[in-house]
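Worksheet: the structure to be examined is printed underneath.
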Amino acid sequence: MKAFDSWPKIAIIGNPNSGKSSLFNILTGLRQNVANLPGVTVDVKKGTAEWDGNAFHIIDLPGIYSVYPNAADEKIPIEILTNVHHHLHPDLVIYVLDITQIERHFLLVTQIVDMGFNTIVALNMSDIAAERGIQINTAQIQSYLNCPTLQISTRLHYGIEALQNQINQSLSDVPQHDHSSLYSLSTEEECIVGKMDSFGNISPYFKKLIAHHYKWLTHVSDKQFLDLESAAKQCGFSDLQFQVHETMERYNGFLPVLKSAVSPSKISENLTDQIDRVITHRFFGPVIFFAIMFLVFQAVFAWATIPMELIEKGFAFSAEFIGTILPNNWVGDLIVNGILSGLSGVLVFIPQIAILFFLIAVLEELGYMSRVVFMFDGLMQKFGMNGRSIISLISSGACAIPAIMSTRTISNPKERLITILASPLISCSARLPVYAVLVGFVVPSSVKYWGFNAQGLVFSALYLLGILGVLLLAYVSKLLIKSEGHSYLLMELPEYKQPLLKNIFTTVVQKVKSFITGAGKIIMVISIFLWIAASYGPKNSMLRAKESAKTEALQKEMNEEDALQLEKSKLLESSYIGHAGKWIEPAISPLGFDWKIGIALLTSFAAREVFVGTMATLYSLGAENAEQTLRQKMSAELKPDGSRRYDTATALSLLIFYVFALQCMSTLAIVRKETGTWKWPMIQFITMGAMAYFGALITYHIFA
676 MKAFDSWPKI
686 AIIGNPNSGK
696 SSLFNILTGL
706 RQNVANLPGV
716 TVDVKKGTAE
726 WDGNAFHIID
736 LPGIYSVYPN
746 AADEKIPIEI
756 LTNVHHHLHP
766 DLVIYVLDIT
776 QIERHFLLVT
786 QIVDMGFNTI
796 VALNMSDIAA
806 ERGIQINTAQ
816 IQSYLNCPTL
826 QISTRLHYGI
836 EALQNQINQS
846 LSDVPQHDHS
856 SLYSLSTEEE
866 CIVGKMDSFG
876 NISPYFKKLI
886 AHHYKWLTHV
896 SDKQFLDLES
906 AAKQCGFSDL
916 QFQVHETMER
926 YNGFLPVLKS
936 AVSPSKISEN
946 LTDQIDRVIT
956 HRFFGPVIFF
966 AIMFLVFQAV
976 FAWATIPMEL
986 IEKGFAFSAE
996 FIGTILPNNW
1006 VGDLIVNGIL
1016 SGLSGVLVFI
1026 PQIAILFFLI
1036 AVLEELGYMS
1046 RVVFMFDGLM
1056 QKFGMNGRSI
1066 ISLISSGACA
1076 IPAIMSTRTI
1086 SNPKERLITI
1096 LASPLISCSA
1106 RLPVYAVLVG
1116 FVVPSSVKYW
1126 GFNAQGLVFS
1136 ALYLLGILGV
1146 LLLAYVSKLL
1156 IKSEGHSYLL
1166 MELPEYKQPL
1176 LKNIFTTVVQ
1186 KVKSFITGAG
1196 KIIMVISIFL
1206 WIAASYGPKN
1216 SMLRAKESAK
1226 TEALQKEMNE
1236 EDALQLEKSK
1246 LLESSYIGHA
1256 GKWIEPAISP
1266 LGFDWKIGIA
1276 LLTSFAAREV
1286 FVGTMATLYS
1296 LGAENAEQTL
1306 RQKMSAELKP
1316 DGSRRYDTAT
1326 ALSLLIFYVF
1336 ALQCMSTLAI
1346 VRKETGTWKW
1356 PMIQFITMGA
1366 MAYFGALITY
1376 HIFA
């Protein structure tokens, strides 16, 4: 087998909702990772595949409608395709085309073929076409495009083996492209193409495409840029004019072929149309959407209860067991009360996160999320956004970072900026651990209303509050941010289809894996830092804490176990981390927070989920019983007046704080990258911080 770096690169290209990502999942399975390029809905995904003793790199490019991009995400495939030196530039292109939408999907394949790529056309959804009585003459399509063409079904895995065989054949016998084209260059285009010798031996259409995009393509050198600037003036090259001309000529060329090769559907109204009459109804559509979201949040709590309890008990048992076999020194204390406690505080919430990702993936696979974009476009426009913003906002339920990257699909700069600013207000998966711990102090898990889990209702209310925050911030931003013109939503609603369990499973595994590795690294570092800062302190302060604990224990005639517990608590308060907490306590005490909560607020600026890991570490260092769960330790915490530290008022105040606060350095960094300035992330941070502080302040004093 060839060396890894020399494996052939195969790019999967197609329109959005054509099934290309399903094909990618089939070919690669779990051998996938995200390339060093941005986005979730705009990710470039990489994977490896092997069959018949051959190995390949498989690349899933974002869906595009043509080689003339309108949004930032559509520029990514063009950047890769037009740069022969790019590390993802393909040796072979698989163009995935939806047979049921063949006229709309055919424009791009003619452009890809004209670029001179070694191409295979995969006519997808052949099973749906057969159900509707659509017949297609594959040989006629193949003859017109002059490249291998075959029918497949990613849903039924039909034709996959034939496709793999064709890949082997196409790569072993690469045809020499004769540079003939399905499109005739105009005189002006031929003129500028003739002046592009420095771009090498590529097809005239390839050169013409670079000429259209040279102003933003990063691989065009300074000299080439200046040469093209000069050539464009000399040749009278007009970008928009020739794009329109090309599109019309291509349609005029291939429509007669398609009318001859493809028989129309024998069904006047299919099941998708019938469902859409209800799902996208002006009144019932939004009602159904909110009902679905409500059930999703209920499921996150109801389904995750048992596995969470098992994981929690498992960590508690592990901490007790490991504590007995490790030496009673700083190493054992660091592992048990530092690293293990910090990790257990977050990893216990994997079931909830997995369930959330699973349900969202099911909705995406069904084709429902595109309907959500369509339904809410009008509402989003009133708040300065558009229908595509709803996908970014829903994606924020997983993580704000890829959600912000996915705003590249929004072409209007003002609407994109407003969506970027508002997206972090949607409660992300990193808030789940915080909510799950604190909601239990607001309402017991056994309480039910109208048959619904009360904690799930509170959880839904927190998400709803975040949504209201989004609308408020977006509306204010709409009034303050100036813009030219309005955007218009143009998108294709895919057919409803049965979800592929393999796709869903792959998505959940990748997302959970990303959460574990991403959060785990941060928590590991912070847990070690916290253990050091909480185990050591100013020498005199620590000595006074020991003496104070000893004196108090004698006065109260405590037994040995209670005296040791008191000493640990005093030492923690006198440590470096205790001093830091005491320093910020005056600012947060009006919210009902003490110095321990203050430390957790500071550390969770690295990532919100670190709050729980920090609390787990602090309470492990200050507690005697390692086998107790975090909830039990927090429940036992008392205020100086003897009342519960985590009463309803304090828990609600903390929840409101975390609904609004932008406690994620990675989010600030990505906003800086996407906006190109620190101005907007700083405005975003201050605005959300003010919403969090004053929201928590009001909440605490209402319920105190």
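Note that this note's numbering numbers the sequence shown so that position 355 is 1030, with each residue one more than the last.
Even glycine gets a Cβ: it sits at the ideal position worked out from N, Cα and C.
Since this is a predicted model, take the numbers as computed values, not measurements.
Buried or exposed (CB count within 10 angstroms, at least 16 for buried), residue i
i, result
"F958", "exposed"
"W1270", "buried"
"K988", "exposed"
"V788", "buried"
"S861", "buried"
"Q1359", "buried"
"S845", "buried"
"I688", "buried"
"N1061", "buried"
"M1363", "buried"
"N927", "exposed"
"V1048", "buried"
"L938", "The sequence given here places Ser at residue 938; Leu does not occur at that position. The residue in question, S938, is exposed, as its Cβ has fewer than 16 Cβ neighbours within 10 Å."
"N1137", "Asn is not the amino acid found at residue 1137; the sequence shown has Leu there. Buried, since its Cβ has 16 or more Cβ neighbours within 10 Å."
"N876", "exposed"
"E984", "exposed"
"H854", "Here the model assigns H854 a pLDDT of 49, short of 50, so the residue's position is not dependable, and the following value carries that caveat. Exposed: under 16 other Cβ atoms inside 10 Å."
"P713", "Its pLDDT being 31, under 50, P713 is placed unreliably by the model, and the measurement read from it follows with that caveat. The residue in question, P713, is buried, as its Cβ has 16 or more Cβ neighbours within 10 Å."
"E1090", "buried"
Proximity below 9 Å, CB of residue i to CB of residue j
i, j, result
"E921", "Y858", "yes"
"K1225", "E1242", "yes"
"L1276", "F1332", "yes"
"N745", "D766", "no"
"I1101", "S1135", "no"
"A1105", "G1267", "no"
"I769", "A797", "yes"
"I967", "C910", "no"
"V1381", "L1313", "Residue 1381 lies beyond the stretch modelled for the chain, which goes from 676 to 1379, so this question has no answer here."
"L772", "N799", "yes"
"V1109", "R1283", "yes"
"F1032", "V1187", "yes"
"G704", "G722", "yes"
"F917", "E865", "no"
"I1142", "A936", "no"
"Q1027", "L1107", "yes"
"T1350", "L1092", "yes"
"G1007", "I1014", "no"
"H732", "P683", "yes"
Other residues of its chain near residue i: CB distance less than 6 Å, five sequence neighbours each side excluded
i, result
"D680", "none"
"H1376", "none"
"E1302", "Caution applies to E1302, whose pLDDT of 47 falls short of 50 and renders its modelled position unreliable; the value that the coordinates give is listed next. Only A991 and E995 meet the Cβ criterion."
"L1148", "A1097"
"V932", "Y819"
"L1113", "A1326, L1329 and L1330"
Range covered by the alpha helix (DSSP H) that runs through residue i
i, result
"L798", "Not the alpha helix (DSSP H): L798 falls in the beta strand (DSSP E), residues T794 to N799."
"D948", "L946 to I954"
"F1268", "First-last for F1268: undefined, no H or E at that position."
"T1362", "K1354 to F1378"
"R1347", "M1340 to T1350"
"A1224", "K1214 to Q1230"
beta-carbon residue i near the ligand SAH non-hydrogen atom, thresh 8 Å
i, result
"W1258", "Because no ligand of any kind appears in the structure shown, any question about the ligand SAH cannot be addressed here."
Sequence-distant residues of its chain with Cβ nearer than 7 Å to residue i (five each side left out)
i, result
"G1297", "For G1297, the predicted structure reports a pLDDT of 47, less than 50, and the residue's modelled location is therefore unreliable. A value from the coordinates is still provided. Result list for G1297: K1243, S1244 and L1247, in chain order."
"E1040", "P1174, L1175, N1178 and I1179"
"A1367", "F1332, F1335 and A1336"
"Y880", "D789, M790, S856 and Y858"
"A979", "P1026, Q1027 and I1030"
Residue range of the unbroken beta strand (DSSP E) whose run includes residue i
i, result
"T824", "T824 to Q826"
"V771", "L767 to D773"
"G689", "K684 to G689"
Cβ neighbours of residue i in the same chain (closer than 8 Å, five flanking residues each side left out)
i, result
"A1238", "A1224, K1225 and A1228"
"N711", "Annotation note: pLDDT 32 at N711 (below 50); position unreliable, no value reported."
"L1022", "I986, F990, I1191 and G1195"
Tell me the start and end of each unbroken alpha helix (DSSP H) in the segment 1007-1057 that is at least 4 residues and wholly inside, in chain order.
-> As far as the segment 1007-1057 is concerned, its whole alpha helix (DSSP H) runs of at least 4 residues are 1016-1022, 1025-1041 and 1043-1057.
Can you check the segment 716-762 for any beta strand (DSSP E) of at least 3 residues that lies completely inside it and give the ranges in chain order?
-> Runs of the beta strand (DSSP E) lying entirely within the segment 716-762, each at least 3 residues long, are 720-726 and 729-735 in chain order.
Whole runs of the beta strand (DSSP E) within the segment 835-903, excluding any shorter than 3 residues = Taking only runs of at least 3 residues, no beta strand (DSSP E) segment lies wholly in the segment 835-903.
In the segment 910-945, which residue ranges form an unbroken beta strand (DSSP E) of at least 3 residues, counting only runs that do not cross its ends?
-> The qualifying runs do not exist here; there are none.
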